Amino acid sequence: MPISDFLNSLLGNKPQQPGQPSGAGIAGQVKLPDSANEPAQITNAKVLLIVYNPAMNDGRKLSEYMNWARPDDLVTGFINDILQTSGGMVRYQIAQRFDLDEFPLLADGFRYTPQTFLDVVNGKTPMHNPPGVDYNAILKQFNILQRVDNKDFDEVWVMAFPYAGFYESVMGGAGAFWCNAPPLPNTNSSRRRFVVMGFSYERGVGEMLESYGHRTESILGKVFNSQDFVTWAYKPNRNPAVVSGNLNPFQRFLLFDQIAPGKAALGTIHYAPNSAKDYDWSNQTPVQSECHDWSNFPNFKGDVRSVTAADWGNGDIRAHHVWWFNHLPKVAGRRNGVHNNWWQYTANPNNVSV
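In my numbering, the protein residues as written are 15 to 368.
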């Protein structure tokens, strides 16, 4: 089926502390024999979409009242970007959708009203503290644990707004692990792991991709036993300051010039190859990078070039993240027990051995 036709069918607390950032060990993965041609696995993922878009006092929905993005447009754009950048390896489809005319219940029982929410948005009052949403209430309301276990859907996307209290991503189910947030407690009754994505229609598709990027870093960090490395790479004052020793493929993928002078690859979702700080995607300083060579993964050819922000969109958040995801391996084969199609881990945490 052509991708254009496929798209039209779609819409019907704390990480481990960093140690020495080196080492190629891949622990916990089931050791399967190497293969040069095992087909890359396509992930057809079914999504439960929950949209919190309450009516304000004048009757207009919050998204319209605030002149924010339309949730439908964001979901369509995000699904399209993931489909395209994964080379068709990840195909999301909305299995069921709920549009809720309410503000979500927070963990301590508080719920915003239209007026109390506007007071926070307009700076008249501080946001409610504690700010977190009541995930347990949502799991119960939509019978999520049983329905994930029954394979009615594979993950949950929540479209909400600032101060709604959602993590960018969080994982539940038996064997759940850090996914840019601590695992959801008391979810082991679902034998299948699942991710709850927290999106905001106050932002754009670029920010949705950023949330998915941190999910990707967390899940692949688990696959490659590199959670400490990811944590270290994001520290502003790193100790040690640069990488040393042998690196596994995921660590190599994350390299940027600041931590690996002259040996940059793609960088992290925050740090482009030449970034000097978080979100520094418009930096025009040229650096040497092997980013183009990742199109040849796993058979690198030594393609190192000078790159600048012009290569990833000159500061545009969506353009940078599309560029980053475009280089994420999605090819046939398996090495050291890890599939060469990394998307089948990112899109399905049940493929990760724990």
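Glycine is no exception: its CB is placed at the ideal position from the N, C-alpha and C atoms. Quick caveat, the model's predicted, so the values are computed rather than measured.
Counterpart residues of residue i in DSSP-defined beta bridges
i	result
Arg111	Leu63
Gly186	Phe208
Tyr106	Ala59
Leu120	Val147
Ala174	Ser214
Ala69	Lys75
Arg319	Ser303
Glu224	None, per the DSSP bridge assignment.
Ser367	In DSSP, Ser367 forms no bridge with anything.
Glu169	Val61
Ser49	Arg348
Distance between residue j and residue i (C-alpha atoms, nearest Å)
i	j	result
Asn340	Gln129	43 angstroms
Asp95	Leu62	19 angstroms
Arg348	Phe124	49 angstroms
Lys60	Asp166	8 angstroms
Asp307	Pro287	14 angstroms
Arg252	Ile273	9 angstroms
Ser367	Val237	7 angstroms
Asn365	Asn194	18 angstroms
Gln298	Gln265	24 angstroms
Ile331	Arg206	32 angstroms
Gln358	Asp133	43 angstroms
Leu88	Trp82	11 angstroms
Asp317	Pro300	16 angstroms
Ala247	Glu304	18 angstroms
Ala188	Val209	12 angstroms
Phe191	Glu78	37 angstroms
His142	Asn136	14 angstroms
Ile152	Arg161	13 angstroms
Ile158	Asn200	12 angstroms
Met103	Thr230	14 angstroms
Arg319	Gln302	5 angstroms
Met80	Arg74	9 angstroms
Ala393	Phe270	No answer is possible for residue 393: the residues shown for the chain start at 15 and end at 368.
Lys138	Glu116	22 angstroms
Pro254	Ser232	21 angstroms
Cβ pair residue i, residue j closer than 9 angstroms
i	j	result
Ser214	Asp163	no
Pro275	Val256	yes
Gly175	Glu216	In the sequence as presented, Gly is not what sits at residue 175; that position holds Phe. Closer than 9 angstroms, so yes.
Asn262	Asn239	yes
Leu198	Met211	no
Asn355	Ala54	yes
Pro118	Phe180	yes
Thr127	Asn362	no
Val321	Ala290	no
Ala5	Asn51	As shown, the chain starts at 15 and ends at 368. That puts residue 5 outside it, with no answer to give.
Leu114	Val147	no
Three-way DSSP call (helix, strand, coil) for residue i in this model
i	result
Asn354	strand
Asn362	coil
Met80	coil
Lys154	helix
Val256	coil
Phe311	coil
Arg348	strand
Glu231	helix
Ala278	strand
Gly91	helix
Trp192	coil
Gln272	coil
Asn340	helix
Pro16	Legend: pLDDT at Pro16 = 39, less than 50; position of this residue unreliable, value from coordinates given subsequently. It is coil, neither helix nor strand.
Arg332	helix
Option nearest residue i by Cα separation, candidates the options
i	options	result
Thr99	Val366, Thr127, Asn313, Ser309	Ser309
Trp295	Gly316, Asp325, Ala279, Lys315	Asp325
Asp168	Gln110, Phe191, Pro140	Gln110
Leu91	Gly220, Asn239, Thr230, Asp317	The sequence as given places Gly at residue 91; Leu does not occur at that position. With distances taken between Cα atoms, Gly91 lies closest to Gly220.
Ser49	Asn350, Lys75, Asn81	Asn350
Leu268	Gly227, Asn297, Gln298	Gly227
Ile283	Lys138, Lys344, Gln298, Leu234	Leu234
Pro85	Pro47, Asp72, Met173, Gly189	Met173
Ile64	Phe112, Ala151, Leu261, Ile56	Phe112
Lys249	Val209, Pro53, Asp292	Asp292
Phe131	Asn67, Phe314, Gly212	Asn67
Val336	Lys75, Asn51, Ile93	Ile93
Tyr106	Trp171, His334, Val321, Asn328	Trp171
Pro343	Ala323, Leu280, Asn328, Asp271	Leu280
Asp122	Pro145, Glu116, Lys138, Leu76	Pro145
Tyr285	Pro196, Ile108, His334	His334
Ala178	Gly329, Leu46, Trp338, Leu76	Leu76
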